[in-house]
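Keeping their order, the protein sequence lines are chains F and U. Under the numbering used here, read the first sequence as residues 674 to 858, first letter to last. Under the numbering used here, read the second sequence as residues 674 to 858, first letter to last. For glycine and all other residues, C-beta sits at the position ideal for the given N, C-alpha and C.
Protein chains: 2
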Amino acid sequence: MATRDEILAAAQRHLNIDPRASMAVLAAAAGVGRATLHRHFASRDDLLHELGTRSLDRWEQSLDAADARGVAASGDAGRIRACLTDLFARYLADSDDFGFALTDSYLTSAPDLMTRSDRLAEREVELLSAAQAAGVLRDDVSSRWLTHAVYGLLVAAREAVREGDVARRDLDALVLSTFLKGASS
Amino acid sequence: MATRDEILAAAQRHLNIDPRASMAVLAAAAGVGRATLHRHFASRDDLLHELGTRSLDRWEQSLDAADARGVAASGDAGRIRACLTDLFARYLADSDDFGFALTDSYLTSAPDLMTRSDRLAEREVELLSAAQAAGVLRDDVSSRWLTHAVYGLLVAAREAVREGDVARRDLDALVLSTFLKGASS
DNA sequence: GCGAGTTGAGACATTCATGTCTCACGTGAG
DNA sequence: CTCACGTGAGACATGAATGTCTCAACTCGC
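Structure representation (structure tokens):
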């Protein structure tokens, strides 16, 4: 009954609550026997690797969909601004599903996921660098730091929603505005 | 030879590298036998609880040292600004030692640590609220969100230094400036 | 030098997650 | 109906981490 994708989705959902959940718990969460779970994923690492891959897929799709490369190449301030808005919205949507991937330590232990993650981060650096060159973002700080700041705000956003301090519908504008304008009045 | 504090310090250092390190590994890292480690800390939870407590101690000390409450009560914009600068520097110093506590999931599973953490967060909310009232920080977003943003930037800072993207000596100014002014030019 | 106290090494039992395997059951296609 | 297939439940072996215990060695104060 439960397809592989449904199992993955359930595991994802549950790992967002408890990142240390055991295979038995994840199987139960998917409404599936432990044996069945192992039929789909030989090992726990397999499962995490698949989830990690999917989260990177989403990240990559977001960059593609926002045409980060093309926008960066254009150097057009307006387009860059729109692209950043778009990207934040996409990231925040993804973090609903893959939030646990933001801080889970498994990802950093899988070399192939790490190198791929580094490549994607590099694409982001390109965009932010272009944004600096176009005068959209300040250029007195490194673009690499700005990518870290983006990441940090995503973690903050996830936490804020989890604790009920921010309504999901306000989140996009809140995070973007905080990133761009900061907290000063 | 190794005092309890030295063991704690070593464990802290090592958990910053590998948050899942076993008791055996932590004992070795402290240059101490596994039995000795257990003499000081009955269980792994004990050890983590102690480290969690210490990280909250540091947080509290930072708030005290910066006189967050007094400054908030004063409502003086200049003092509030100075206090924020001071606080960020203290937090960043602490995150060198207790960085792992930022994202480790153990802390959220210890109820007493959580309630204490909530109380400290509340003190921070008071300060940021006062900052908003004094016109230091924007008041079109909730002060609670601002505390999350502070937290997120600390995570980002830790990550940036770990990956060598930011020099430690630049960090204080960088983080504060990003928090206050954002990334926009 | 001696004795009390502490330590490290290691043996041990226990618990828990993991991964494999078997088997009975149910369902759907033929 | 029946047979093939996927599934769930559960047994099983394994490995890792944990916590306890003992003992020999070492150190420090006397």
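Within 8 Å (strictly less), CB to CB, does residue i reach chain U?
i	result
F/D862	Since the first residue of chain F shown is 674 and the last is 858, residue 862 of chain F is not available in this structure.
F/E832	yes
F/R841	no
F/L780	no
F/F852	yes
F/R817	yes
F/D838	yes
F/V809	yes
Should residue i go down as buried or exposed, given a rule of 16 or more other Cβ atoms within 10 Å for buried?
i	result
U/G751	exposed
U/G825	buried
U/A703	buried
F/T851	buried
U/Q734	exposed
F/G855	buried
U/A833	buried
U/R817	buried
F/D678	exposed
F/D813	exposed
U/A745	buried
F/D730	exposed
F/A840	exposed
U/R842	exposed
U/A741	buried
F/A846	exposed
F/A669	The displayed coordinates of chain F run from 674 to 858. Any statement about residue 669 of chain F would go beyond what the structure contains.
So, is the C-beta of residue i closer than 8 Å to a C-beta in chain F?
i	result
U/A702	no
U/H821	yes
U/A856	yes
U/L847	yes
U/P784	no
U/T776	yes
U/V705	no
U/V828	yes
U/G825	yes
Output needed for residue i: all residues of its chain with C-beta closer than 6 Å, excluding positions within five of it in sequence on either side, in chain order.
i	result
U/D759	A739
U/W732	L793
F/S728	F771, A774
U/R831	S768, G772
U/F714	L720
U/R789	L729
Spatial neighbours of residue i within its chain, please: C-beta separation below 7 Å, excluding the five flanking residues on both sides.
i	result
F/M696	R707, L710, R717
U/T820	A794, E797, V798, L801
U/V705	A675, I680
U/A766	none
U/D777	P692
U/L810	L801, A804, L819
F/L721	Y779
U/Y764	S735, L827
F/V848	F761, L765, L826, A830
Identify every residue that forms a DSSP beta bridge with residue i.
i	result
F/S857	U/L810
By Cβ distance below 8 Å, which residues in the same chain neighbour residue i in space, the five residues on each side in sequence not counted?
i	result
F/A883	Because chain F here runs from 674 to 858, residue 883 of chain F falls outside it and cannot be looked at.
U/S857	none
U/M787	L780, T781
U/D691	V698
U/L688	A694, L699, L724, F773, D777
F/A822	F852
Is residue i close to the ligand SAM? I mean its beta-carbon at under 7 Å from any heavy atom of the ligand.
i	result
U/G855	This structure lacks the ligand SAM; in fact it carries no ligand of any kind.
Within 8 Å of chain F by C-beta, residues of the stretch 715-734 of chain U in sequence order: none
Against chain F: residues of the stretch 742-766 of chain U by CB proximity under 8 Å: none
Residues from the stretch 682-693 of chain F in contact with chain U, defined by Cβ distance under 9 Å: D691, P692, R693
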